[in-house]
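K.L.:
Residue numbers (our numbering), protein chains in the order written: chain V, 176 to 504; chain X, 787 to 910.
(1) Give the straight-line distance between the Cα atoms of residue 491 (chain V) and residue 443 (chain V), rounded to the nearest whole angstrom.
(2) Taking Cβ positions, are residue 905 (chain X) and residue 834 (chain X) nearer each other than 8 angstroms?
(3) From residue 220 (chain V) to residue 234 (chain V), what distance separates their C-alpha atoms?
(4) Going by CA-CA distance only, name the one from V:306, V:392, V:222 and V:291 that's closest to residue 481 (chain V).
(5) Straight-line CA distance for residue 477 (chain V) to residue 858 (chain X)?
(6) Near residue 845 (chain X), what residues of its chain come up, given a Cβ to Cβ distance below 8 angstroms and the 5 sequence neighbours on each side ignored?
(7) On the DSSP letters alone, give me the boundaries of the beta strand (DSSP E) that residue 834 (chain X) sits inside.
(8) Measure the C-alpha to C-alpha separation of residue 260 (chain V) and residue 217 (chain V) and round it to an integer number of angstroms.
(9) Along the beta strand (DSSP E) that carries residue 789 (chain X), what are the first and last residues, could you check?
(10) Name, please, each residue of chain X whose Cβ falls closer than 8 angstroms to the Cβ of residue 335 (chain V).
(11) Interface residues of chain X around residue 338 (chain V) at Cβ under 7 angstroms?
(12) Can you list, in chain order, the residues of the segment 468–494 of chain V whose Cβ is nearer than 8 angstroms to any Cβ on chain X?
(13) Rounding to the nearest angstrom, what Cα-Cα distance links residue 758 (chain X) and residue 288 (chain V) in this structure?
(14) By Cβ distance below 7 angstroms, which residues in the same chain neighbour residue 474 (chain V) in space, the five residues on each side in sequence not counted?
(15) Using a 10 Å radius around the Cβ and a threshold of 16 neighbouring Cβ atoms, would you call residue 425 (chain V) buried or exposed?
(16) On the DSSP bridge assignment, give the partners of residue 501 (chain V) in chain order.
(17) Taking beta-carbon pairs under 8 angstroms, can you tell me which members of the segment 283–298 of chain V lie near chain X?
(18) Does any residue of chain X have a CB that is nearer than 8 angstroms to the CB of residue 398 (chain V)?
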């Protein structure tokens, strides 16, 4: 391939990648809207109509220069068309807003309604565990109770996450301002992750520059975000891979990142990664069982703490997720 | 024997917590609504009150307000135990004089018992 061919090939692939982002049909399917109610499609149509009208006006006007009323009629027609399409766009946006509102209310109601019965399960199981513990003989009921307790705890964890989603959506995430070091926090959690990583045959590597400065954020919520990101990296990595956590100072921020050699995220789905309940198509059939809200919560917490969050990913090769938090002044 | 009053409309939850507290040597009085809770609080003057917020008749905030207004019950420590976890609810309960606010879903039975023990020990 000559140098010129390489340049043409490069520009061609950049154009294809840009066109992939313009895949309006798949975007409308994701938004679950009819094609004539879907804003991305309607904007595309508006652009198309404008260009066609401009070319048409030019051709007509050049033919009938002695009858300007025809050109005026065409312009009026195009303006009327814009008005109709504009109305459809607004209607489409209203539908999205309404769907989001309904979904948020649904999440909030479900999470609160589940809270009470789950509390009853947990407390009653706690009592039953205590009673069965009085019997010195090993009994299968103790095992059954442990299974039920663990399952209840998992369900409570999920409901607590839904409550957190509700807080983020309502903009009432009350964050504590605590000073702590991200490397110490990560190192402490890594102890818990060693067995989990070993079970998946994954090597877990932690690297931090010495004397990393303290950050100011809500320690427990950041811990949850770190846990979620490391958990995802291990969960979606094939056996024999390496998960690497790196921390360093980046100006007035501390940058934390985790990279894996896992399944990666397909390009067309990357823009939805931080949306709630998102799970990439290439992970839905895998044996893992994520709820798709961990990254949404992590984004809400990091951004509300004055930091930023992002990722880069290549399908089939792996991903790197990172976030930054402000250094204490 | 220290006395605890538990005002909670979920009978199953009340039974579980009550059994655990009785096992720890406390005398536990139960009420399924705010009015009964107020009546027992005045009659028995317990050492601690565990109070839910969403209750039939009087809600938990009204009960708490009444308890803190009455000199006979004003000094009794009150632990709120609810699944309403908004900052508004927590702030309101603490402003009305509650000792602690426990989100039911976030605590195991033994943790609830430990919080109750701690509150009783700190009060006397």
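Positions of the beta carbon are idealized from the N, C-alpha and C atoms, including for glycine. Here the structure is a predicted model, which is why all the values come from computation and not from measurement.
P.N.:
In short:
(1) Position 316 of the first chain, counted from the first residue, corresponds to residue 491 (chain V). Position 268 of the first chain, counted from the first residue, corresponds to residue 443 (chain V). So the two alpha carbons sit approximately 14 angstroms from each other.
(2) For the purposes of this step, residue 905 (chain X) is identified with residue 119 of the second chain, where counting begins at 1. For the purposes of this step, residue 834 (chain X) is identified with residue 48 of the second chain, where counting begins at 1. Result yes, Cβ atoms of residue 905 (chain X) and residue 834 (chain X) sit closer than 8 angstroms.
(3) Position 45 of the first chain, counting from 1, holds the residue named residue 220 (chain V). Position 59 of the first chain, counting from 1, holds the residue named residue 234 (chain V). In a straight line, the C-alpha of residue 220 (chain V) is about 21 angstroms away from that of residue 234 (chain V).
(4) Locating residue 481 (chain V) in the first chain gives position 306, where the first residue counts as 1. Residue 481 (chain V) has its Cα closest to that of V:392, out of V:306, V:392, V:222 and V:291.
(5) For the purposes of this step, residue 477 (chain V) is taken as residue 302 along the first chain, with counting starting at 1. For the purposes of this step, residue 858 (chain X) is taken as residue 72 along the second chain, with counting starting at 1. Approximately 48 angstroms, taken between the alpha carbons.
(6) Counting from one through the second chain, the residue named residue 845 (chain X) turns up at place 59. Within the same chain, residue 845 (chain X) has close Cβ partners 820 and 839.
(7) Sequence index remark: in the second chain, residue 834 (chain X) carries index 48 (1-based). Element bounds for residue 834 (chain X): 834–837.
(8) In the first chain, residue 260 (chain V) corresponds to position 85, counting from 1. In the first chain, residue 217 (chain V) corresponds to position 42, counting from 1. Approximately 7 angstroms, taken between the alpha carbons.
(9) Against the second chain, residue 789 (chain X) aligns to sequence position 3. Here the beta strand (DSSP E) through residue 789 (chain X) covers 789–793.
(10) Here the question's residue 335 (chain V) lines up with position 160 in the first chain. By Cβ distance, chain X contributes 891 and 892.
(11) Taking the first chain and counting its residues from 1, the one referred to as residue 338 (chain V) is at position 163. The answer, in chain order, is 871.
(12) none
(13) The question about residue 758 (chain X) has no answer, for chain X in this structure spans 787 to 910.
(14) Along the first chain, one-based indexing puts residue 474 (chain V) at 299. Here the set comprises 449 and 484.
(15) Residue numbering aside, residue 425 (chain V) sits at position 250 when the first chain is read from its first letter. By the neighbour-count rule (16 or more Cβ atoms within 10 Å), residue 425 (chain V) is not buried but exposed.
(16) Along the first chain, read from residue 1 onward, the residue named residue 501 (chain V) stands at position 326. According to DSSP, residue 501 (chain V) bridges with V:428.
(17) 287, 290, 291, 293, 294, 295, 297 and 298
(18) Here residue 398 (chain V) refers to the residue found at position 223 of the first chain. By this cut-off, residue 398 (chain V) is not an interface position.
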